[in-house]
Amino acid sequence: MQWKTSVSKRSILKFPLVAALLIAGMKVNAANWLMLQGTEPDMVAPKGVKVPNKSTVPKVWGFIQANYKKDFGDVFVTPPDATPNDGLNKTPFSYLNPNLEDQSGFNVFRARLALRGMADGENLVNYFFMAEFGNNAVNNLAGHDVATYLTDASITLKHIPGAKVRVGMFKTPGSEEGLQAVFVSPYIEFTTMTKQQLLERQVSHVGAMQNPLGESITQYTSTSVDKPIAAFRDTGIQLFDTFKLQDEWTMSYAYMYGNGTGVSHSSSNKQATHYGYLAAEKSFGKGKGYYTETMKFYVWGQDGKRTLYSTVNDVTTEMEFDRKRYGVGMTYYHNGLRFEAEYMKAKGMIFAGPTDIDHDPGTENWQFQFATGNENEADGGYVNLQYEIIPKKFEVFGRYDYCDRLTNTTKNELQFRTTTLGASYRYRGPTRIDLNYIINEAEAPGFSKAQDVLDNMGNRIAVQITVAF
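Next comes the structure, spelled out in structure tokens:
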């Protein structure tokens, strides 16, 4: 009975998303990230006149994002009925990423340097390389220093009409929020569903199975954090292209076969993952990149396996679990108005959040919990509205997002609701300053002790400067 009630609430919540997708069907599109990130343009306009792109000079570029954040939530203190060795921190919700140590402070969140171009005068071989030097989950996941990584290293071959081939490590085809260039959006934090279930934490070793709530749910806690967050990336091979349909409409597709190892130097395909993407886009004839005036409808899916190892009493067990992610959405940008909506679904291996395993009340050792059974599910989505009060200079925006985690259980389900309001001032191109005020809410409909933890969540304010070169 409880399960039916929960589904009913989610159905009501999702209706605005579904309605928005249908209503927006009258006119909508966004930047073609497959082509922008995977290829060099055939034509350029250095002086306003389009000419064939023949330059093989590498393009060096990059960006820096520095921010200040303050969280107004409470750090959850051990309840009176707990033992002294339970530790101090029961929830990471009031701590700032990536360190999960403080509630306010300045941070050079991203600092990326990239090199791209074409290797031949015929523009048949393109390349893209990028490294991360900032303080985020790529280099410093939950306070664990995991070094600086080359996040992108790929080559694109354009010899086959209708089937460009990209090989290496690069962004996987998927959610618009993950596929788009990270430095263009005025939102400083990802939506909850994306942050929890699409931004994959790569772990291999876990502790013994846990079943704390007495339900048929298998949960593991990682025993080491030594790999970067996947950052929407994988190593593999991708076939993709864009075709002109009629008038201003185009269709794009992508299929990628990846190792399922995220941002890493692993050459194993033991976690092989299939990625698929299909989009239809209408151009309104103005702008470029993130500011291309278009309307886009898209659908995507990811299906792979994840391998975990658990050692109990000196016996190591290898386990394999499904990890499936799906989504459908749309984007629209025209005359200073941007509207976006997306619905996402997760099945199989579900991220259940960080947990402090250090018994010392004064220190933290954050590890990750996963509900690994193939029966586990989560879903989420967002609606975003932006408007440029001063064209190409000053805009205001608001986004509502939700994430329902472990919807297949009664006591383990958590429901997150987040509203982000903000304003952005652009100096030139993507160089700008963004202000976000984030309103957080969460419920645990079947577990009162979990609700005690969630009640300590607070709102958050963030200011970020983006400098691109």
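In terms of the working numbering, the numbers along the sequence shown are unbroken and rise by one, the last being 1020.
The beta carbon of each residue, even a glycine, is placed where N, CA and C say it ideally should be.
In this text, all values refer to a predicted model and were calculated from it rather than measured experimentally.
| Item | Value |
| --- | --- |
| Taking the DSSP output, what are the residues bridged to Lys-709? | DSSP output for Lys-709 lists no bridge partner at all. |
| Can you grab the Cα-Cα spacing for the pair Arg-667 / Asp-777, in whole Å? | 29 angstroms |
| Might you give, ordered along the chain, the residues of its own chain that have their beta carbon closer than 6 angstroms to the beta carbon of Gln-937, omitting 5 neighbours on each side? | Arg-889, Glu-946 and Phe-948 |
| Helix, strand or coil for Gly-913 per DSSP? | coil |
| Quick one: residues in its chain with C-beta nearer than 6 angstroms to the C-beta of Arg-857, no 5 flanking neighbours on either side, listed in chain order? | Gln-822, Phe-872, Arg-874 and Met-900 |
| Since Val-757 contacts Leu-859 with CB under 8 angstroms, what's their CB separation in whole angstroms? | 5 angstroms |
| Can you give the Cα-Cα distance for His-825 and Thr-786, rounded to whole angstroms? | 11 angstroms |
| Given a threshold of 16 other Cβ atoms within 10 Å of its Cβ, counted over all protein chains shown, does Tyr-828 qualify as buried or as exposed? | buried |
| I need the straight-line Cα distance from Lys-715 to Asn-687, nearest angstrom please. | 32 angstroms |
| So if DSSP puts Lys-986 in a beta bridge, which residue, or which two residues, is it bridged to? | It is worth fixing the name first, because residue 986 is Leu in this sequence and not Lys. Its beta-bridge partners are Ala-974 and Val-1014. |
| Based on Cα-Cα distance, which residue from Thr-845, Asn-991, Tyr-738 and Asn-810 lies nearest to Met-720? | Asn-810 |
| Can you tell me whether DSSP reads Leu-1005 as helix, strand or coil? | helix |
| Cβ atoms of Ala-929 and Thr-958: under 8 angstroms apart, would you say? | yes |
| What residues are listed by DSSP as bridge partners for Tyr-806? | Leu-790 and Gly-827 |
| Roughly how many whole angstroms lie between the Cα atoms of Ile-788 and Val-1004? | 43 angstroms |
| Report the option in Val-814, Tyr-988, Tyr-678 and Ala-617 whose CA atom is closest to the CA atom of Thr-970. | Tyr-988 |
| Can you pull the DSSP bridge partners for Gly-949? | Leu-936 and Leu-972 |
| Can you give the Cα-Cα distance for Pro-597 and Gln-853, rounded to whole angstroms? | 39 angstroms |
| Please state the DSSP three-state secondary structure of Gln-748. | helix |
| Once the 5 residues before and after His-695 are set aside, which same chain residues still bring their CB inside 6 angstroms of it? | Val-776 |
| Please report the distance separating the alpha-carbon of Val-814 from that of Met-744. | 20 angstroms |
| Give the straight-line distance between the Cα atoms of Phe-614 and Thr-1017, rounded to the nearest whole angstrom. | 7 angstroms |
| Consider the Cβ of Asn-963: report whether some Cβ of chain B lies at a distance smaller than 8 angstroms. | Structure shown: chain B not included; a single protein chain is present. |
| Could you give the distance in angstroms between the alpha-carbon of Glu-728 and the alpha-carbon of Tyr-894? | 11 angstroms |
| Who are Asn-991's beta bridge partners in DSSP? | Thr-969 |
| Return helix, strand or coil for Leu-647, following the three-state DSSP convention. | coil |
| Taking DSSP as the reference, what is the three-state secondary structure of Gly-599? | coil |
| Count the C-beta pairs between the region 587-602 and the region 978-986 that are closer than 8 angstroms, then say yes if the count reaches three, no if not. | no |
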